[in-house]
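First up is the structure itself, then whatever we jot down about it.
Protein chains: 2
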Amino acid sequence: MTYKHHVPSLDRLIHELKKWPGVGPRSANRWANWLLKLPEAEIQKLRQALEDIKTNIKRCPGCFTLTEEETLCYLCNSTSRRKDLICVVEEPFDIARMEASGKFKGQYHVLHGTLSPLNNINPDHLTIEPLMKKITNGQIKEIILALDADMEGDITALYIGKLLKDRDIKVSRLAHGIPFGGNIDYIDEQTLGRALENRVDFSI
Amino acid sequence: MTYKHHVPSLDRLIHELKKWPGVGPRSANRWANWLLKLPEAEIQKLRQALEDIKTNIKRCPGCFTLTEEETLCYLCNSTSRRKDLICVVEEPFDIARMEASGKFKGQYHVLHGTLSPLNNINPDHLTIEPLMKKITNGQIKEIILALDADMEGDITALYIGKLLKDRDIKVSRLAHGIPFGGNIDYIDEQTLGRALENRVDFSI
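So the sequences go chain by chain: A and B.
When the count follows my numbering, it moves up by one through the first sequence with no breaks and lands on 324 for the last residue.
When the count follows my numbering, it moves up by one through the second sequence with no breaks and lands on 324 for the last residue.
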């Protein structure tokens, strides 16, 4: 399906929008039409936001998440969070998801990726060294590995687990299992297998 | 579901993206993450395209579609299209859809809306007067009303049909084949092509 309007800047905008993940020609066309009718001021807000994410955002020197703070991010700066507990995540965006769960009140550490031998991503590409430094210097009691439940997540968890083997630190991973509201009929075998392996005691 | 990152420019971008039609917090979050990792040059292309649609595009004085040409648009300028046949559409974007059907080789006329008594859209808000002028001055033999199959489309077709009642001009509407309530933007080419071939007489 083609949506060629023969209006160069319009076709250019649609071309750019089609690059976005999961966006097809139909959606790109629809949004271009919508953007075209948007007031100048709204377009400016969007353009400014696109510029700002490039110029204002840097990495927090504490946990390596994204921040605009001059020194540490709002989480590292918080005085109400436990200092002896670190949750290791792959991406800065994972933090907002963890925070939404409302169940974690410790520190974070963003790896900025996962180990992937196939893609030549090795430990030097991630923030594993600063994580080890934190553990050596600090009073860390527990590390929670909140990594994706895929092969790269498994490899990375295994690697960090080995590094921490002889330290006096509790290391845990997020439980794998049936999602809340999930129906056993529709769960894939891998998930069900893990849910079975990691079954929890339910003696009442 | 909230995705608050506590990074002002990032949260602002997500806020802007959520305004887009059909975009929820999940998609806005995903795209913000993707845009964040995009190279500076790609962001610039997007920002430029957003500026260009506001500064470069004007209405063709012939058919009132969008164009960047100094005089007439590429369709009005074409020498290979019939001059005695006008297809009346609601929006500039409808033209790309009609062209994709490959069944129409005449001129277009963009109304820029439809009559809508409820929303106070009357004939003066549309390009109906220039359409009548074209018909009076020209050698137009047929008018095809390619309007959406909804109430506003019906009202507008009826109004134009009445204006052309005593003129020696064939007036037709796209065949029903378009489901009632359907929007031309979302019809596939085959259906649209058939609807064009089977257009029915609308002389009142």
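For each residue, glycine too, the CB sits at the ideal point set by N, CA and C.
These numbers were taken from a predicted model, which means no experiment stands behind them.
Who pairs with A/H229 in a beta bridge, going by DSSP? A/V208
Could you please tell me which residues of the segment 151–179 of chain B, in chain order, have their CB closer than 7 Å to any CB of chain A? W151, N153, W154, L155, L156, E160, I163, K165, L166, R167, A169, L170, E171, D172, I173, K174, N176, I177
For B/N197, which residues in chain C fall below 9 Å Cβ to Cβ? Absent from the structure is chain C; the protein chains it does hold are A and B.
So what does A/V127 bridge to, in DSSP terms? Answer by DSSP bridge pairing: none, since A/V127 is not bridged.
So A/S147 is in the beta strand (DSSP E); what residue range does that whole segment cover? Unbroken run through A/S147 is the alpha helix (DSSP H), 145–156; no beta strand (DSSP E).
Would a C-beta distance cut-off of 7 Å place B/G182 and B/L205 closer than the cut-off? no
Residues within the segment 129–154 of chain B neighbouring chain A, beta-carbon criterion of under 9 Å: S129, L130, R132, L133, I134, H135, E136, L137, K139, W140, P141, G142, V143, S147, N149, R150, W151, A152, N153, W154
Same chain only: Cβ atoms within 8 Å of A/T187, ignoring 5 sequence neighbours per side: I177, K178, R179, C180, C193, Y194
Buried or exposed by the 16-neighbour rule on C-beta atoms within 10 Å, applied to B/E211: buried
Taking all protein chains shown into account, decide if B/M218 is buried (16 or more other Cβ within 10 angstroms of its Cβ) or exposed. buried
With a cut-off of 8 Å on the beta carbons, I'd call B/K290 and B/K261 a contact; round off their distance for me. 7 Å
Count the other CB atoms within 10 Å of the CB of B/E317; is the residue buried (16 or more) or exposed (fewer)? exposed
Which partner residues does B/K178 have in the DSSP bridge list? B/T187
Can you check whether the C-beta of A/H296 is within less than 7 Å of a C-beta belonging to chain B? no
Collapsed DSSP secondary structure at B/I215 in the structure displayed: helix
Roughly how many angstroms separate the alpha carbons of B/K282 and B/Q259, rounded to a whole number? 19 Å
Under a CB-based cut-off of 7 Å, is B/E190 close to chain A? no
Given a cut-off of 7 Å on the beta-carbon distance, is the pair A/T234 and A/T276 in contact? yes
Can you find a C-beta in chain B that's less than 7 Å from the C-beta of A/V127? yes
Taking the beta carbon of A/G301 as the centre, do at least 16 other beta carbons fall within 10 Å, making it buried, or is it exposed? exposed
Limits of the unbroken beta strand (DSSP E) element including B/K290: 290–293
Just confirm the distance between the C-beta atoms of A/A148 and A/I134, as a whole number of angstroms; I'd bet it's less than 8 Å. 5 Å
Residue range of the unbroken beta strand (DSSP E) whose run includes A/L192: It is not in any beta strand (DSSP E) - A/L192 carries neither H nor E in the DSSP assignment.
On the DSSP letters alone, give me the boundaries of the beta strand (DSSP E) that B/L265 sits inside. 262–266
Between A/K223 and A/C196, what straight-line distance do the alpha-carbon atoms span, to the nearest angstrom? 17 Å
Rounded to whole angstroms, what is the Cα-Cα separation between B/G273 and A/P159? 26 Å
What number of angstroms, rounded off, separates the C-alpha of A/L312 from the C-alpha of A/G297? 7 Å
Per DSSP, what kind of secondary structure is A/S236 in: helix, strand or coil? strand
Chain B within 7 Å of A/A216, Cβ atoms only: yes
Neighbourhood of A/N242 by C-beta, 7 Å cutoff - its chain only, sequence neighbours within 5 removed: L235
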